[in-house]
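Participant: Numbering (the numbering used here), first residue to last: 2 to 521. Beta carbons are placed, not taken as given, at the ideal position from N, Cα and C, and that holds for glycine. Got a structure for you, questions after.
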Amino acid sequence: MTQIAQFVRRAVQTGANKLATVNGARSQTWRTFDGRMKRLAGAMHALGFKPGERIGILSLNSDRYLEALFGLSHGGFVFVPINTRLAPPEIVFWLADSGCVALFVDEAFVPVLPAVLPETPDLRTVVYIGEGAAPSGLTEYESLLEGAAPLADSIGQDQDLAGIFYTGGTTGRSKGVMLSHNNIMANALNIYPGTQANEDSRYIHAAPMFHLADNAMTFVVTGFGGTHYFLPRFDPVGLMAAIAEYKVTVMLIVPTMVNMMVHHPDVAKYDLSSVHRLLFGASPMPEAVLRRATQVMPATEFVQAYGQSEASPLLTLLDARYNTFDGPYAGKVKSAGRSGLGIEVRIHDVDDNEVPRGTVGEICGRGQVVMLGYWKQPEMTAHTLRNGWLHTGDGGYMDEDGFVYLVDRVKDMIVSGGENVYSAETEDALYSHPAVAECAVIGVPDDKWGERVHAIVRLKPGMRATEAELVAHSHGRIANYKCPRTVDFREEPLPLSGAGKILKTELRKPFWEGRDKQIN
(Lines of atoms letter the chains of each structure in order from A and count residues from 1; the text may use other names and numbers.)
(Lines give C-alpha, C1' and ligand atoms only; values in the text may rest on other atoms or scores of the structure.)
Protein backbone atom coordinates (compact mmCIF):
# COMPACT_ATOMS: atom_id res chain seq x y z
CA MET A 1 0.00 0.00 0.00
CA THR A 2 1.29 3.44 -0.99
CA GLN A 3 0.21 6.24 1.36
CA ILE A 4 2.32 9.34 1.85
CA ALA A 5 2.05 9.13 5.66
CA GLN A 6 4.43 6.17 5.35
CA PHE A 7 7.24 8.72 4.94
CA VAL A 8 6.64 9.62 8.59
CA ARG A 9 6.42 5.97 9.63
CA ARG A 10 9.82 5.34 8.10
CA ALA A 11 11.28 8.36 9.87
CA VAL A 12 9.99 7.00 13.20
CA GLN A 13 11.21 3.49 12.45
CA THR A 14 14.74 4.65 11.62
CA GLY A 15 15.13 7.53 14.08
CA ALA A 16 12.19 8.09 16.43
CA ASN A 17 14.19 10.31 18.79
CA LYS A 18 15.87 12.37 16.09
CA LEU A 19 14.95 16.02 15.62
CA ALA A 20 12.06 16.33 13.15
CA THR A 21 11.16 20.03 13.11
CA VAL A 22 12.55 23.30 14.43
CA ASN A 23 10.24 26.31 14.27
CA GLY A 24 11.72 29.16 16.25
CA ALA A 25 11.77 28.09 19.90
CA ARG A 26 9.56 25.08 19.16
CA SER A 27 11.08 21.71 18.25
CA GLN A 28 10.04 18.06 18.30
CA THR A 29 11.24 14.54 17.52
CA TRP A 30 9.83 12.24 14.87
CA ARG A 31 8.10 10.20 17.58
CA THR A 32 6.28 13.32 18.76
CA PHE A 33 5.51 14.42 15.21
CA ASP A 34 3.99 11.01 14.45
CA GLY A 35 1.75 11.22 17.50
CA ARG A 36 0.54 14.71 16.62
CA MET A 37 -0.10 13.69 13.02
CA LYS A 38 -2.26 10.77 14.16
CA ARG A 39 -4.15 12.88 16.72
CA LEU A 40 -4.92 15.50 14.07
CA ALA A 41 -6.37 12.79 11.81
CA GLY A 42 -8.41 11.43 14.70
CA ALA A 43 -9.64 14.89 15.66
CA MET A 44 -10.89 15.65 12.14
CA HIS A 45 -12.78 12.35 12.06
CA ALA A 46 -14.30 13.16 15.47
CA LEU A 47 -15.54 16.47 14.03
CA GLY A 48 -17.46 14.49 11.42
CA PHE A 49 -15.24 14.95 8.37
CA LYS A 50 -15.11 12.01 5.99
CA PRO A 51 -12.24 10.51 3.98
CA GLY A 52 -12.07 12.04 0.51
CA GLU A 53 -13.35 15.45 1.64
CA ARG A 54 -11.19 18.41 0.70
CA ILE A 55 -9.53 20.57 3.34
CA GLY A 56 -7.67 23.78 2.51
CA ILE A 57 -4.48 25.14 4.06
CA LEU A 58 -3.85 28.90 3.88
CA SER A 59 -0.76 29.65 5.91
CA LEU A 60 2.84 30.77 5.82
CA ASN A 61 5.53 28.11 6.25
CA SER A 62 5.55 26.45 9.69
CA ASP A 63 5.85 23.15 11.55
CA ARG A 64 2.09 23.08 11.91
CA TYR A 65 1.71 23.33 8.14
CA LEU A 66 3.88 20.22 7.87
CA GLU A 67 1.78 18.43 10.51
CA ALA A 68 -1.39 19.37 8.63
CA LEU A 69 -0.10 17.96 5.33
CA PHE A 70 0.73 14.60 6.85
CA GLY A 71 -2.12 14.50 9.37
CA LEU A 72 -4.80 15.18 6.77
CA SER A 73 -3.27 12.61 4.46
CA HIS A 74 -3.09 10.04 7.26
CA GLY A 75 -6.80 10.57 7.86
CA GLY A 76 -7.70 9.99 4.21
CA PHE A 77 -8.55 13.63 3.52
CA VAL A 78 -7.53 15.56 0.40
CA PHE A 79 -5.36 18.57 1.21
CA VAL A 80 -5.67 21.71 -0.90
CA PRO A 81 -2.73 24.10 -0.37
CA ILE A 82 -3.78 27.70 -1.10
CA ASN A 83 -1.41 30.17 -2.74
CA THR A 84 -0.60 32.80 -0.11
CA ARG A 85 -0.35 35.59 -2.70
CA LEU A 86 -3.95 35.31 -3.85
CA ALA A 87 -6.52 38.07 -3.44
CA PRO A 88 -9.71 37.16 -1.50
CA PRO A 89 -11.81 36.52 -4.66
CA GLU A 90 -9.14 34.10 -5.90
CA ILE A 91 -9.02 32.33 -2.53
CA VAL A 92 -12.80 31.98 -2.70
CA PHE A 93 -12.54 30.45 -6.16
CA TRP A 94 -9.97 27.82 -5.10
CA LEU A 95 -11.95 26.86 -1.98
CA ALA A 96 -15.30 26.78 -3.74
CA ASP A 97 -14.04 25.06 -6.87
CA SER A 98 -12.41 22.27 -4.87
CA GLY A 99 -15.39 22.00 -2.50
CA CYS A 100 -13.33 22.48 0.66
CA VAL A 101 -15.27 21.72 3.85
CA ALA A 102 -12.62 22.98 6.29
CA LEU A 103 -9.74 25.43 6.25
CA PHE A 104 -6.48 25.63 8.22
CA VAL A 105 -5.31 29.23 8.58
CA ASP A 106 -2.62 31.15 10.48
CA GLU A 107 -2.50 34.70 11.84
CA ALA A 108 -1.29 36.16 8.54
CA PHE A 109 -4.59 35.28 6.85
CA VAL A 110 -7.14 35.79 9.59
CA PRO A 111 -7.75 39.32 8.19
CA VAL A 112 -8.99 37.91 4.86
CA LEU A 113 -11.58 35.62 6.46
CA PRO A 114 -14.36 38.25 6.58
CA ALA A 115 -14.12 38.53 2.79
CA VAL A 116 -13.80 34.76 2.24
CA LEU A 117 -16.16 33.01 4.65
CA PRO A 118 -19.46 34.58 3.46
CA GLU A 119 -18.65 33.34 -0.06
CA THR A 120 -17.70 29.78 0.99
CA PRO A 121 -20.70 28.36 2.86
CA ASP A 122 -19.39 24.77 2.54
CA LEU A 123 -16.60 25.54 5.04
CA ARG A 124 -17.85 24.01 8.28
CA THR A 125 -14.73 24.57 10.38
CA VAL A 126 -11.77 26.94 10.34
CA VAL A 127 -8.78 25.64 12.33
CA TYR A 128 -6.32 28.24 13.60
CA ILE A 129 -2.70 27.02 13.29
CA GLY A 130 -1.06 30.37 14.01
CA GLU A 131 0.72 31.65 17.11
CA GLY A 132 -1.14 32.74 20.23
CA ALA A 133 -4.80 32.32 21.08
CA ALA A 134 -7.29 31.52 18.33
CA PRO A 135 -9.55 34.42 17.28
CA SER A 136 -13.21 34.14 18.18
CA GLY A 137 -15.09 31.59 16.10
CA LEU A 138 -12.01 29.61 15.04
CA THR A 139 -10.99 26.19 16.33
CA GLU A 140 -7.69 26.33 18.19
CA TYR A 141 -5.18 23.80 16.81
CA GLU A 142 -3.44 22.74 20.02
CA SER A 143 -6.74 22.30 21.84
CA LEU A 144 -8.01 20.21 18.95
CA LEU A 145 -5.02 17.88 19.25
CA GLU A 146 -4.91 17.80 23.05
CA GLY A 147 -8.04 15.75 23.59
CA ALA A 148 -8.03 13.74 20.38
CA ALA A 149 -7.74 9.98 20.10
CA PRO A 150 -5.05 9.07 17.55
CA LEU A 151 -6.01 7.38 14.32
CA ALA A 152 -3.78 4.30 14.32
CA ASP A 153 -3.79 3.35 10.64
CA SER A 154 -3.65 5.48 7.51
CA ILE A 155 -6.69 5.71 5.26
CA GLY A 156 -6.17 5.81 1.50
CA GLN A 157 -3.70 4.24 -0.85
CA ASP A 158 -2.08 4.16 -4.28
CA GLN A 159 -4.40 5.86 -6.78
CA ASP A 160 -6.60 7.58 -4.19
CA LEU A 161 -6.63 11.36 -4.47
CA ALA A 162 -4.16 12.85 -1.96
CA GLY A 163 -4.05 16.52 -2.88
CA ILE A 164 -5.31 19.15 -5.30
CA PHE A 165 -2.62 21.61 -6.35
CA TYR A 166 -3.87 24.60 -8.29
CA THR A 167 -1.61 25.87 -11.02
CA GLY A 168 -0.15 29.30 -10.44
CA GLY A 169 -2.00 30.97 -13.28
CA THR A 170 1.12 32.29 -15.06
CA THR A 171 -0.45 31.26 -18.37
CA GLY A 172 -4.14 31.69 -17.56
CA ARG A 173 -6.90 30.56 -15.19
CA SER A 174 -5.83 28.28 -12.34
CA LYS A 175 -6.56 24.57 -12.74
CA GLY A 176 -6.78 22.02 -9.93
CA VAL A 177 -4.14 19.34 -10.52
CA MET A 178 -5.20 16.07 -8.87
CA LEU A 179 -2.31 14.03 -7.46
CA SER A 180 -2.56 10.57 -5.96
CA HIS A 181 -0.51 9.06 -3.14
CA ASN A 182 1.33 7.08 -5.80
CA ASN A 183 2.12 10.25 -7.79
CA ILE A 184 3.69 11.91 -4.77
CA MET A 185 5.60 8.80 -3.71
CA ALA A 186 6.98 8.29 -7.23
CA ASN A 187 8.08 11.92 -7.39
CA ALA A 188 9.98 11.64 -4.10
CA LEU A 189 11.89 8.64 -5.41
CA ASN A 190 12.68 10.42 -8.68
CA ILE A 191 13.96 13.60 -7.05
CA TYR A 192 16.14 11.76 -4.54
CA PRO A 193 19.26 11.60 -6.78
CA GLY A 194 19.20 15.38 -7.03
CA THR A 195 18.90 15.90 -3.28
CA GLN A 196 21.19 13.18 -1.94
CA ALA A 197 19.07 13.45 1.23
CA ASN A 198 19.90 11.32 4.28
CA GLU A 199 19.15 11.17 7.99
CA ASP A 200 21.56 14.05 8.64
CA SER A 201 19.92 16.39 6.13
CA ARG A 202 18.86 19.79 7.43
CA TYR A 203 16.33 21.29 5.06
CA ILE A 204 14.86 24.78 5.24
CA HIS A 205 11.42 25.60 3.87
CA ALA A 206 12.22 28.94 2.23
CA ALA A 207 10.11 28.45 -0.89
CA PRO A 208 6.36 28.50 -0.10
CA MET A 209 5.03 25.23 1.28
CA PHE A 210 1.87 25.47 -0.81
CA HIS A 211 4.00 24.91 -3.91
CA LEU A 212 4.83 21.45 -5.21
CA ALA A 213 8.52 22.25 -5.56
CA ASP A 214 8.82 22.59 -1.80
CA ASN A 215 6.46 19.64 -1.35
CA ALA A 216 8.82 17.43 -3.36
CA MET A 217 11.55 18.15 -0.83
CA THR A 218 9.13 17.82 2.08
CA PHE A 219 8.43 14.17 1.37
CA VAL A 220 11.93 12.99 0.55
CA VAL A 221 13.52 14.73 3.57
CA THR A 222 10.80 13.30 5.82
CA GLY A 223 11.26 9.80 4.45
CA PHE A 224 14.94 9.87 5.37
CA GLY A 225 14.21 11.30 8.81
CA GLY A 226 16.03 14.58 8.21
CA THR A 227 15.23 17.80 10.06
CA HIS A 228 12.88 20.54 8.80
CA TYR A 229 13.47 24.24 9.50
CA PHE A 230 11.05 26.98 8.50
CA LEU A 231 11.27 30.50 7.11
CA PRO A 232 7.69 31.86 7.21
CA ARG A 233 8.13 33.68 3.92
CA PHE A 234 11.14 34.22 1.68
CA ASP A 235 13.48 37.03 2.59
CA PRO A 236 17.11 36.92 1.39
CA VAL A 237 18.60 38.16 4.67
CA GLY A 238 16.33 35.92 6.73
CA LEU A 239 17.30 32.92 4.61
CA MET A 240 21.03 33.62 4.83
CA ALA A 241 20.80 34.11 8.59
CA ALA A 242 18.88 30.84 8.97
CA ILE A 243 21.41 28.92 6.87
CA ALA A 244 24.23 30.22 9.05
CA GLU A 245 22.39 29.53 12.33
CA TYR A 246 21.04 26.04 11.56
CA LYS A 247 23.84 24.84 9.26
CA VAL A 248 21.32 24.00 6.55
CA THR A 249 22.63 21.29 4.22
CA VAL A 250 20.04 21.14 1.44
CA MET A 251 17.53 23.60 0.05
CA LEU A 252 15.27 24.28 -2.90
CA ILE A 253 14.48 27.78 -4.08
CA VAL A 254 13.56 29.33 -7.43
CA PRO A 255 16.02 31.32 -9.58
CA THR A 256 14.43 34.62 -8.58
CA MET A 257 15.24 33.84 -4.95
CA VAL A 258 18.77 32.70 -5.82
CA ASN A 259 19.28 35.98 -7.69
CA MET A 260 18.10 38.07 -4.72
CA MET A 261 20.30 36.15 -2.27
CA VAL A 262 23.60 35.98 -4.16
CA HIS A 263 23.42 39.61 -5.28
CA HIS A 264 22.48 40.93 -1.84
CA PRO A 265 25.03 43.50 -0.64
CA ASP A 266 25.39 41.68 2.70
CA VAL A 267 25.84 38.16 1.33
CA ALA A 268 29.50 38.02 2.43
CA LYS A 269 28.46 38.53 6.06
CA TYR A 270 26.83 35.09 6.29
CA ASP A 271 28.39 31.63 6.36
CA LEU A 272 26.60 29.66 3.64
CA SER A 273 29.20 26.89 3.42
CA SER A 274 27.02 24.25 5.11
CA VAL A 275 24.76 24.02 2.03
CA HIS A 276 25.89 20.91 0.19
CA ARG A 277 23.16 20.95 -2.43
CA LEU A 278 20.91 23.69 -3.73
CA LEU A 279 18.13 22.65 -6.09
CA PHE A 280 16.48 25.27 -8.25
CA GLY A 281 13.56 25.15 -10.65
CA ALA A 282 10.17 26.63 -11.65
CA SER A 283 11.83 28.94 -14.21
CA PRO A 284 15.14 29.08 -16.12
CA MET A 285 18.27 30.19 -14.25
CA PRO A 286 20.03 32.97 -16.18
CA GLU A 287 23.68 32.07 -16.79
CA ALA A 288 24.90 35.26 -15.13
CA VAL A 289 22.99 34.40 -11.94
CA LEU A 290 24.35 30.84 -11.85
CA ARG A 291 27.90 32.10 -12.33
CA ARG A 292 27.45 34.52 -9.44
CA ALA A 293 25.91 31.79 -7.27
CA THR A 294 28.83 29.43 -7.81
CA GLN A 295 31.23 32.23 -6.86
CA VAL A 296 29.33 33.14 -3.70
CA MET A 297 28.73 29.51 -2.65
CA PRO A 298 31.77 27.56 -3.92
CA ALA A 299 31.13 24.62 -1.56
CA THR A 300 27.59 24.11 -2.90
CA GLU A 301 26.53 21.76 -5.67
CA PHE A 302 23.76 23.27 -7.82
CA VAL A 303 21.11 20.98 -9.29
CA GLN A 304 18.40 22.07 -11.71
CA ALA A 305 14.96 20.46 -11.50
CA TYR A 306 12.44 20.91 -14.28
CA GLY A 307 8.79 19.92 -14.27
CA GLN A 308 5.29 21.13 -13.58
CA SER A 309 2.44 20.48 -11.18
CA GLU A 310 0.91 17.99 -13.59
CA ALA A 311 4.04 15.82 -13.18
CA SER A 312 4.07 15.89 -9.36
CA PRO A 313 6.26 17.97 -10.36
CA LEU A 314 9.60 16.48 -11.53
CA LEU A 315 10.34 15.57 -15.15
CA THR A 316 14.09 16.12 -15.51
CA LEU A 317 17.16 16.73 -13.35
CA LEU A 318 20.47 18.35 -14.27
CA ASP A 319 23.00 16.96 -11.83
CA ALA A 320 25.65 19.16 -10.27
CA ARG A 321 28.44 17.78 -12.47
CA TYR A 322 26.77 19.41 -15.48
CA ASN A 323 26.24 22.81 -13.85
CA THR A 324 29.69 23.89 -14.90
CA PHE A 325 31.12 26.31 -17.43
CA ASP A 326 34.40 24.46 -17.90
CA GLY A 327 35.54 20.98 -18.92
CA PRO A 328 33.87 18.28 -21.03
CA TYR A 329 30.37 18.86 -19.60
CA ALA A 330 30.38 22.64 -20.03
CA GLY A 331 27.70 22.81 -22.73
CA LYS A 332 25.14 20.87 -20.69
CA VAL A 333 24.61 23.76 -18.26
CA LYS A 334 22.18 25.28 -20.75
CA SER A 335 19.94 22.21 -20.51
CA ALA A 336 17.31 21.18 -17.95
CA GLY A 337 18.95 17.78 -17.61
CA ARG A 338 17.71 14.29 -18.36
CA SER A 339 14.52 12.49 -17.41
CA GLY A 340 14.13 11.11 -13.90
CA LEU A 341 14.66 7.38 -13.50
CA GLY A 342 10.94 6.60 -13.44
CA ILE A 343 9.91 9.07 -16.14
CA GLU A 344 9.92 8.89 -19.92
CA VAL A 345 10.37 12.21 -21.71
CA ARG A 346 10.05 12.83 -25.45
CA ILE A 347 9.77 15.82 -27.77
CA HIS A 348 6.63 15.72 -29.94
CA ASP A 349 5.38 17.57 -32.98
CA VAL A 350 1.78 18.79 -33.31
CA ASP A 351 0.65 15.31 -34.40
CA ASP A 352 2.27 13.68 -31.35
CA ASN A 353 5.10 12.13 -33.33
CA GLU A 354 8.56 12.15 -31.76
CA VAL A 355 10.79 14.65 -33.55
CA PRO A 356 14.46 14.10 -34.44
CA ARG A 357 17.06 15.06 -31.84
CA GLY A 358 17.83 18.76 -31.94
CA THR A 359 14.39 19.67 -33.31
CA VAL A 360 12.16 21.98 -31.26
CA GLY A 361 8.77 20.59 -30.31
CA GLU A 362 6.56 20.17 -27.24
CA ILE A 363 8.06 18.44 -24.21
CA CYS A 364 5.90 15.46 -23.24
CA GLY A 365 6.21 12.88 -20.48
CA ARG A 366 4.68 9.75 -19.06
CA GLY A 367 5.14 7.62 -15.96
CA GLN A 368 3.91 7.20 -12.39
CA VAL A 369 4.30 10.92 -11.67
CA VAL A 370 1.67 12.04 -14.20
CA MET A 371 -1.43 13.49 -12.53
CA LEU A 372 -4.83 11.83 -12.28
CA GLY A 373 -6.25 14.82 -14.15
CA TYR A 374 -7.67 18.30 -13.62
CA TRP A 375 -10.34 18.66 -10.95
CA LYS A 376 -13.78 18.88 -12.60
CA GLN A 377 -12.28 19.56 -16.04
CA PRO A 378 -12.52 16.29 -18.02
CA GLU A 379 -12.15 17.91 -21.45
CA MET A 380 -8.98 19.76 -20.47
CA THR A 381 -7.69 16.59 -18.83
CA ALA A 382 -8.28 14.60 -22.01
CA HIS A 383 -6.51 17.28 -24.08
CA THR A 384 -3.48 17.51 -21.78
CA LEU A 385 -3.13 13.72 -21.39
CA ARG A 386 -3.98 12.79 -24.96
CA ASN A 387 -2.45 9.67 -26.51
CA GLY A 388 -1.11 8.58 -23.14
CA TRP A 389 1.32 11.50 -22.77
CA LEU A 390 1.39 14.55 -20.53
CA HIS A 391 1.66 17.58 -22.83
CA THR A 392 3.55 20.21 -20.86
CA GLY A 393 2.96 23.24 -23.07
CA ASP A 394 6.72 23.83 -22.95
CA GLY A 395 8.79 24.10 -26.10
CA GLY A 396 12.18 22.41 -26.19
CA TYR A 397 14.49 19.94 -27.86
CA MET A 398 16.59 16.93 -26.84
CA ASP A 399 20.23 16.38 -27.76
CA GLU A 400 21.88 13.08 -28.67
CA ASP A 401 22.70 12.40 -25.01
CA GLY A 402 19.09 12.77 -23.85
CA PHE A 403 19.49 16.24 -22.32
CA VAL A 404 16.39 18.40 -22.65
CA TYR A 405 16.79 22.06 -23.56
CA LEU A 406 13.93 24.44 -22.80
CA VAL A 407 13.30 27.20 -25.26
CA ASP A 408 10.11 28.68 -23.79
CA ARG A 409 6.59 28.14 -22.69
CA VAL A 410 4.70 27.50 -25.90
CA LYS A 411 2.45 30.43 -24.95
CA ASP A 412 5.47 32.65 -24.27
CA MET A 413 6.93 32.19 -27.74
CA ILE A 414 6.98 35.43 -29.72
CA VAL A 415 6.44 35.36 -33.48
CA SER A 416 8.11 38.47 -34.87
CA GLY A 417 8.42 38.97 -38.61
CA GLY A 418 7.79 35.26 -39.16
CA GLU A 419 10.63 34.24 -36.82
CA ASN A 420 10.05 32.33 -33.57
CA VAL A 421 11.64 34.14 -30.64
CA TYR A 422 11.96 32.29 -27.33
CA SER A 423 11.84 34.87 -24.56
CA ALA A 424 14.16 32.88 -22.28
CA GLU A 425 17.06 33.42 -24.73
CA THR A 426 16.51 37.17 -24.81
CA GLU A 427 16.16 37.33 -21.04
CA ASP A 428 19.40 35.41 -20.60
CA ALA A 429 21.20 37.95 -22.80
CA LEU A 430 19.79 40.86 -20.77
CA TYR A 431 20.65 39.25 -17.44
CA SER A 432 24.29 39.13 -18.51
CA HIS A 433 24.38 42.96 -18.34
CA PRO A 434 25.81 43.95 -14.95
CA ALA A 435 23.11 46.57 -14.27
CA VAL A 436 20.10 44.27 -14.77
CA ALA A 437 18.49 43.01 -11.59
CA GLU A 438 15.31 41.58 -13.10
CA CYS A 439 13.78 41.33 -16.55
CA ALA A 440 10.91 39.81 -18.51
CA VAL A 441 10.58 39.61 -22.28
CA ILE A 442 7.14 39.54 -23.87
CA GLY A 443 5.57 39.94 -27.29
CA VAL A 444 3.56 43.10 -27.84
CA PRO A 445 1.45 44.09 -30.89
CA ASP A 446 3.36 45.69 -33.74
CA ASP A 447 1.92 46.79 -37.08
CA LYS A 448 5.12 45.98 -38.97
CA TRP A 449 6.39 42.83 -37.26
CA GLY A 450 3.11 41.36 -36.01
CA GLU A 451 4.66 41.06 -32.55
CA ARG A 452 7.55 43.10 -31.21
CA VAL A 453 10.14 41.73 -28.78
CA HIS A 454 9.69 43.96 -25.75
CA ALA A 455 11.71 43.88 -22.51
CA ILE A 456 10.63 45.08 -19.08
CA VAL A 457 13.66 45.70 -16.89
CA ARG A 458 14.43 46.62 -13.30
CA LEU A 459 17.97 47.84 -12.70
CA LYS A 460 20.14 47.18 -9.66
CA PRO A 461 20.16 50.00 -7.08
CA GLY A 462 22.63 52.72 -7.95
CA MET A 463 23.28 51.41 -11.47
CA ARG A 464 22.26 52.92 -14.79
CA ALA A 465 21.60 51.63 -18.30
CA THR A 466 19.72 53.05 -21.26
CA GLU A 467 17.41 51.31 -23.70
CA ALA A 468 20.01 51.70 -26.46
CA GLU A 469 22.73 50.24 -24.26
CA LEU A 470 20.68 47.14 -23.38
CA VAL A 471 19.65 46.58 -27.00
CA ALA A 472 23.27 46.89 -28.12
CA HIS A 473 24.35 44.52 -25.33
CA SER A 474 21.85 41.93 -26.58
CA HIS A 475 23.06 42.29 -30.17
CA GLY A 476 26.47 41.12 -29.04
CA ARG A 477 25.05 37.87 -27.70
CA ILE A 478 22.05 36.73 -29.74
CA ALA A 479 20.68 37.07 -33.26
CA ASN A 480 19.26 40.47 -34.21
CA TYR A 481 15.67 39.25 -34.52
CA LYS A 482 15.81 37.91 -30.93
CA CYS A 483 16.93 41.21 -29.44
CA PRO A 484 14.45 43.56 -27.76
CA ARG A 485 13.26 46.34 -30.01
CA THR A 486 11.90 48.33 -27.10
CA VAL A 487 12.60 48.43 -23.36
CA ASP A 488 10.53 49.67 -20.43
CA PHE A 489 12.18 50.37 -17.09
CA ARG A 490 10.50 49.69 -13.75
CA GLU A 491 11.63 50.76 -10.30
CA GLU A 492 9.40 48.33 -8.44
CA PRO A 493 9.96 44.53 -8.53
CA LEU A 494 8.17 42.70 -11.32
CA PRO A 495 4.98 40.87 -10.29
CA LEU A 496 5.56 37.30 -9.12
CA SER A 497 3.39 34.26 -8.67
CA GLY A 498 3.47 32.57 -5.27
CA ALA A 499 6.05 30.17 -6.68
CA GLY A 500 8.38 33.03 -7.63
CA LYS A 501 7.68 33.06 -11.37
CA ILE A 502 7.36 36.43 -13.10
CA LEU A 503 3.72 36.88 -14.09
CA LYS A 504 4.02 37.64 -17.78
CA THR A 505 0.24 37.48 -18.13
CA GLU A 506 0.03 40.60 -15.95
CA LEU A 507 2.81 42.35 -17.85
CA ARG A 508 1.15 41.64 -21.20
CA LYS A 509 -2.31 42.90 -20.26
CA PRO A 510 -1.79 46.65 -20.88
CA PHE A 511 -0.38 45.97 -24.35
CA TRP A 512 -3.10 43.56 -25.48
CA GLU A 513 -6.10 45.23 -23.85
CA GLY A 514 -9.13 45.35 -26.12
CA ARG A 515 -7.88 42.65 -28.47
CA ASP A 516 -9.68 39.37 -29.03
CA LYS A 517 -6.55 37.23 -28.88
CA GLN A 518 -3.06 37.42 -27.42
CA ILE A 519 -1.33 36.98 -30.76
CA ASN A 520 -0.94 39.37 -33.68
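1. Which residues bound the alpha helix (DSSP H) around ILE185?
2. Just to confirm, is the Cβ distance from GLU439 to PRO485 under 9 Å?
3. Compare the C-alpha of CYS365 against each of ILE344, LYS377, PRO287, ARG278 and name the closest.
4. Among MET38, GLN7, VAL297, LEU316, which has the Cα closest to the Cα of GLN305?
5. Buried or exposed: THR228, going by 16 or more other Cβ atoms within 10 Å of its Cβ?
6. At which residues does the beta strand (DSSP E) containing GLY366 begin and terminate?
7. Can you grab the Cα-Cα spacing for the pair ARG40 / TYR129, in whole Å?
8. Helix, strand or coil: which one does DSSP assign to ALA245?
9. For MET252, which of helix, strand or coil comes out of DSSP?
10. Find the nearest neighbour of PHE105 within the set LEU407, GLY25, ILE83, GLU468, judged by alpha-carbon distance.
11. Output the boundary residues of the alpha helix (DSSP H) element that contains THR15.
12. From the DSSP output, read off the bridge partner residues of ILE92.
13. With the cut-off set at 9 Å, would you say ALA436 and ALA466 are in Cβ contact?
14. Take ASN24 as the anchor and find which of ARG278, GLY36, LEU61 has the nearest alpha-carbon.
15. What is the DSSP secondary structure of GLN160, counted as helix, strand or coil?
16. Taking buried to mean at least 16 other C-beta atoms within 10 Å of its own C-beta, is ALA153 buried or exposed?
17. Unbroken alpha helix (DSSP H) runs of length 4 or more, entirely within the stretch 95-126: which are they?
18. What number of angstroms, rounded off, separates the C-alpha of PRO266 from the C-alpha of MET241?
19. Tell me the DSSP secondary structure of ASN199 in three-state form.
20. Thinking TYR323 and VAL251 are a contact (beta carbons under 8 Å), I'd like their distance in whole angstroms, please.
21. Do PRO136 and VAL117 have their CB atoms nearer than 9 Å?
22. According to DSSP, is GLN296 part of a helix, a strand, or is it coil?
23. Beta-carbon within less than 6 Å of PHE512's beta-carbon, same chain only, minus the 5 sequence neighbours each way: which residues are those?
24. Would you list the one or two residues that DSSP bridges to LEU391?
25. Skipping 5 residues on each side, what residues in its chain have a beta carbon closer than 8 Å to that of MET45?
Facilitator: In this structure, then:
1. It spans 182-196 - the alpha helix (DSSP H) in which ILE185 sits, taken as one unbroken run.
2. No, Cβ-Cβ distance for GLU439 and PRO485 is not below 9 Å.
3. Taking each of ILE344, LYS377, PRO287, ARG278 in turn and checking the Cα distance to CYS365, the smallest one comes out for ILE344.
4. When each option's Cα is compared against that of GLN305, the closest is LEU316.
5. Counting Cβ neighbours within 10 Å, THR228 comes out buried, since at least 16 surround it.
6. Per DSSP, GLY366 belongs to the beta strand (DSSP E) from 362-368.
7. Going from the Cα of ARG40 to the Cα of TYR129 covers about 16 Å.
8. Helix, per DSSP.
9. DSSP, read as helix, strand or coil, puts MET252 in strand.
10. The residue with the shortest Cα to Cα distance from PHE105 is ILE83.
11. It spans 7-16 - the alpha helix (DSSP H) in which THR15 sits, taken as one unbroken run.
12. Assignment of beta-bridge partners to ILE92 by DSSP yields no partner.
13. Their beta carbons are under 9 Å apart, which means ALA436 touches ALA466 by this criterion.
14. Ranking the options by Cα distance to ASN24, first place goes to LEU61.
15. Coil at GLN160, not helix or strand.
16. ALA153 counts as exposed, since fewer than 16 other beta carbons sit within 10 angstroms of its beta carbon.
17. Segments of the alpha helix (DSSP H) lying fully in the stretch 95-126: 114-117.
18. Distance between the alpha carbons of PRO266 and MET241: 12 Å.
19. In the three-state DSSP reduction, ASN199 falls in the coil class, being neither helix nor strand.
20. Approximately 18 Å separates the beta-carbon atoms of TYR323 and VAL251; this is outside 8 Å, ruling out the contact.
21. Not a contact, by the Cβ cut-off of 9 Å.
22. DSSP places GLN296 in helix when its eight states are reduced to three.
23. Excluding sequence positions up to five before and after PHE512, its CB lies within less than 6 Å of the CB of VAL445, all in the same chain and listed in chain order.
24. Answer by DSSP bridge pairing, in chain order: GLY366.
25. Once the five neighbours on either side are set aside, the close Cβ partners of MET45 are ILE56, GLY72, LEU73, GLY76, PHE78, ALA103.
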